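Residue numbers (mature numbering (1 follows the signal peptide of the UniProt record, and there is no 0)): -20 to -1, 1 to 723.
What follows is one structure encoded as structure tokens, with my remarks underneath.
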Amino acid sequence: MPHWRRGAPLWSAGMEATLCIHTCLWLSASWIPLASPALDAEGSHGKLTWAVSLEAPEEELEQRAEELARTAGLVNMGRVGELKGHYLFAYQPDGHAVAEHEAIRRSVDTLFAQHDSVRWHSEQKLLKRSKRSLHFNDPKYPQQWHLNNHKSPGKDINVTGVWERNVTGRGVTVVVVDDGVEHTIKDIQPNYSPEGSYDLNSNDPDPMPHPDEENGNHHGTRCAGEIAAVPNNSFCTVGVAFGSRIAGIRVLDGPLTDSMEAIAFNKHYQINDIYSCSWGPDDDGKTVDGPHQLGKAEEEHGVIAGRRGFGSIFVVASGNGGQHSDNCNYDGYANSIYTVTIGAVDETGSMPFYAEECASMLAVTFSGGDKMMRSIVSTRVPVCALLATPGTARTCPQVSRAPRVSLQYEDRHAKWDTNQAGFSHSHQHGFGLLNAWRLVNAAKIWESVPYLASYVSPVLKEGRSIPWLPQELEVAWNVTPADLQLSGMRTLEHVAVTVTITHPRRGNLEIRLLCPSGMMSLIGTTRSMDSDPNGFSDWTFSTVRCWGEEAQGTYRLLIRDIGDDSLRPGTLRQWQLTLYGSSWSPADMKERQRLLEEAMSGRYLSSDFSLPCPPGLDIPEEQRYTITANTLKTLLLLGCFAVFWTFYYMLEVCLTRNEVGLDLACSSSSSCRWYQQGRKHRALEKRAGTAKGASLPSSWKTKQALNPFLVEPALLDAQGTVVSAVPFPPSPFLQGQDVSLCP
Ligand SMILES: [Ca+2]
Ligand SMILES: [Ca+2]
Ligand SMILES: [Ca+2]
């Protein structure tokens, strides 16, 4: 440590700042020699050297340094790097008298400590530094080309530099919402988070998969391994964020309901930071589906209240229906404004055959390509294995710890358009290939954007016919500054359009949306497999291609029909425009871009730099009742039981009535009589004595005895004859009176 001059002023805030600066300078001085060959030679061969900080007018510094060095019997080796007033002095024996090092140290230290011009001095010591490079003994790590590509340098997610700076996902919990996570295997167990996990299929806290003959249920485990596989355990692979905690929610191994999906999206949402969902509706090129009412609501709730109010992060894969011309704009999870939609590229940076494209895709990352391409390796039971089938599921875990920033990645296979804000986007690759180095550098200085602002247009009733190619239907809606005044929105993020269209063959429609800048989004692509005759009913398409552009202006919706004229034309019934954005001006956007680019050097990673972060809100875990498959079965059984007894009861009542009606002859000769206490009953009995009727059957008596409420009894005379059809008075049982039936 440096020696401070004796008699220094007392400690003060100003001193603290100065000390900080000096310590930094000293620390700087200690590593600057590494970059300076002359100083390195002196400092690293066991010779005595001192760094000295001088206090003097700038023009006298050199002279003072020379004089001081001479006085101390040292040689002035010159200024330390570019630091004004900082010099390196070395002891160079002249060959005649080699003094004891200890004696020299004492004398030099004493001189420097007493000298008026010396602010501080420090003898240079050898520093122990090891070169930073990563060594993993995991046998499959060399095959994890997406993490570190030796064969094609640069064709990876650029994560190793981030790991070297000890950014490994520590403090973050990622939850894999899937068919379970085999958390006992060696590569996952140390990072497993039981407190973030749940099994919605069996309604218990353990998401262990249930492999069966049809399905091994390894999908969730593979994703978990790709995210957080433990490094240097001589087993299998290394996870992309191997310092993170990994949880599992088992929900895909059994019947899935909207409520189950909804619960999964908010399960342990104060523990889990990132929800990795590598699944979605069928990628068959004819499905249009997404989260339903509850799922949508829980996604929104998670984004607002999850992660102590900072918002849960939902990452979804764009889909694997590329070979069926499927498009992720027909997938409500990918379309949602609450998810980060990630597509796939192969090792060459091209779009693989299975990958889906859409206007709502934010970015892409690496996955396997065709058979000639290398796949992604991940953890698998019972042992580590190459993933047999490529897919965008592989891409999802890689993004699971990434904040949302745009990256530029040029690929000749994709068609890129630059929007008004200067962001390049392609339907195939979103805003580009994820780059962990850039993302983490950006995250270090990222401050929250303003609250989401939105604008919703009225429902625009059209009822207009959609013409065939080459003509098209165009409708427009102008958003004025007055419309945006209430929310304060200036710039766009997502633009969404909700349409109701009738058409005899849905896959023949092509829908485009033009933002005020003219930026075009192909939100509805034609799909040869989709012959659905019902069109679209309130389906919401979204696009991110106008991100950062000004919100006000005219939005145009263009629809055309590429089908044959044997079908009747479709009709645009109605549409509605929804804008999501913020109060940031285009200038604010530019400023943030500038800050990000400035931060890309890694200087914020190398230090303990961190931005102040509020502690977050104290939001309790949601306790909601789950309707699982087992609960449904129990309810069904109970329902059947209730229906059976109701039926039986009604049948019995019915039969009893019939019996009374058919056989009114009282088989018993003994008299049946109602003994009532009140005058009314006696009067009724008297009246009944004059009426004619039949005797009461024994079965009737028995039934009445068992249950006097069964039917309305008739009044009987002394011979047991039914004598009256008068309405029976309120049941004496209910009135608490004594009742006697046939003796
Ligand atoms: Ca379980
Ligand atoms: Ca491992
Ligand atoms: Ca799809």
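Glycine included, every Cβ here is placed at the ideal spot set by N, Cα and C.
Since the model is a prediction, treat every value here as computed from it, not as a measurement.
By Cβ distance, which residues of its chain are closer than 7 Å to residue i, with the 5 residues on each side in sequence left out?
i: D233; result: D159, G160, N181, P189, H190, N197
i: F290; result: G596
i: I542; result: L449, N488, E490, T506
i: D311; result: G260, P261, G270, G299
i: N56; result: A45, E46, A49, Y67, F69
i: N128; result: D136, T140
i: S467; result: A433, S434, Y435
i: E442; result: V455, L552, R553, Q554, W555
Do residue j and residue i have their beta-carbon atoms positioned less than 7 Å apart in this structure?
i: I137; j: H130; result: no
i: W426; j: V142; result: no
i: Y67; j: V98; result: no
i: S116; j: V283; result: The sequence given here places Phe at residue 116; Ser does not occur at that position. No, Cβ-Cβ distance for F116 and V283 is not below 7 Å.
i: R230; j: D179; result: yes
i: K120; j: C257; result: no
i: Q556; j: T460; result: no
i: P187; j: G149; result: no
i: G134; j: T153; result: no
i: L472; j: R540; result: no
i: I317; j: Y560; result: yes
i: P170; j: V210; result: yes
i: V344; j: V320; result: no
i: S298; j: G323; result: yes
i: Q400; j: E280; result: no
i: S562; j: P430; result: yes
i: A531; j: L464; result: yes
i: R44; j: A36; result: yes
i: E452; j: L552; result: no
i: M509; j: H272; result: no
i: T520; j: A462; result: no
Is residue i a contact residue of ligand 3, with contact defined as CB to any heavy atom under 6 Å?
i: D136; result: no
i: E336; result: yes
i: G286; result: no
i: G299; result: yes
i: D512; result: no
i: D263; result: yes
i: D269; result: no
i: D544; result: no
i: D306; result: yes
i: residue 724; result: Lying outside -20 to 723, the shown extent of the chain, residue 724 is not represented and no answer is given.
i: D588; result: no
i: D518; result: no
i: D397; result: no
i: D568; result: no
i: D311; result: yes
Can you find the residues in the same chain that come closer than 6 Å, C-beta to C-beta, to residue i, ignoring five residues on each side of it along the sequence?
i: G275; result: D238, E241, A242
i: Y71; result: L28, L54, I84
i: F516; result: V479, I481
i: V147; result: V420
i: H248; result: G176
i: V156; result: G200, C203, A204, G228, S256
i: G286; result: Y249, S292
Excluding the 5 residues flanking residue i on each side, which residues of the same chain have their C-beta closer than 8 Å to its C-beta?
i: L618; result: none
i: S579; result: As written in the sequence, residue 579 is Ala, which differs from the Ser given in the question. If we look at A579 and ignore the five residues flanking it on each side, its Cβ neighbours are N421, A422, K424, I425.
i: L166; result: In the sequence as displayed, the identity of residue 166 is Lys instead of Leu. Cβ neighbours of K166 beyond the five flanking positions: V210, N213, F215, C216.
Using a threshold of 6 Å, is the CB atom of residue i nearer than that to any non-hydrogen atom of ligand 1?
i: S404; result: no
i: S239; result: no
i: D233; result: no
Going along the chain, which residues put their C-beta within less than 6 Å of some heavy atom in ligand 2? In chain order, the residues positioned with their C-beta nearer than 6 Å to some heavy atom of ligand 2 are D118, D167, A209, V210, P211, N213, F215, C216, T217, V218.
Could you tell me which uninterrupted alpha helix (DSSP H) segments, each at least 4 residues in length, are contained entirely in the stretch 34 to 72, listed from first to last along the chain? Counting only runs that start and end inside the stretch 34 to 72, the alpha helix (DSSP H) elements of at least 4 residues fall at 41 to 52.
Scan the stretch 608 to 637 and note each continuous beta strand (DSSP E) run of 3 residues or more that stays entirely inside, going in chain order. Annotation: the stretch 608 to 637 contains no complete segment of the beta strand (DSSP E) (minimum length 3 residues).
Residues surrounding ligand 1 [beta-carbon distance to nearest heavy atom under 7 Å]: Taking each Cβ in turn, the ones that pass are D179, S182, D184, D186, P187, M188, R230.
Along the chain, which unbroken stretches of the alpha helix (DSSP H) at least 4 residues long are found entirely within the stretch 386 to 438? Entirely contained in the stretch 386 to 438, the alpha helix (DSSP H) runs reaching 4 residues are, in chain order, 416 to 425.
Where in the stretch 248 to 333 do unbroken runs of the alpha helix (DSSP H), each at least 4 residues long, occur, reported from the N-terminal end onward? Qualifying alpha helix (DSSP H) stretches, in chain order: 273 to 285, 312 to 315.
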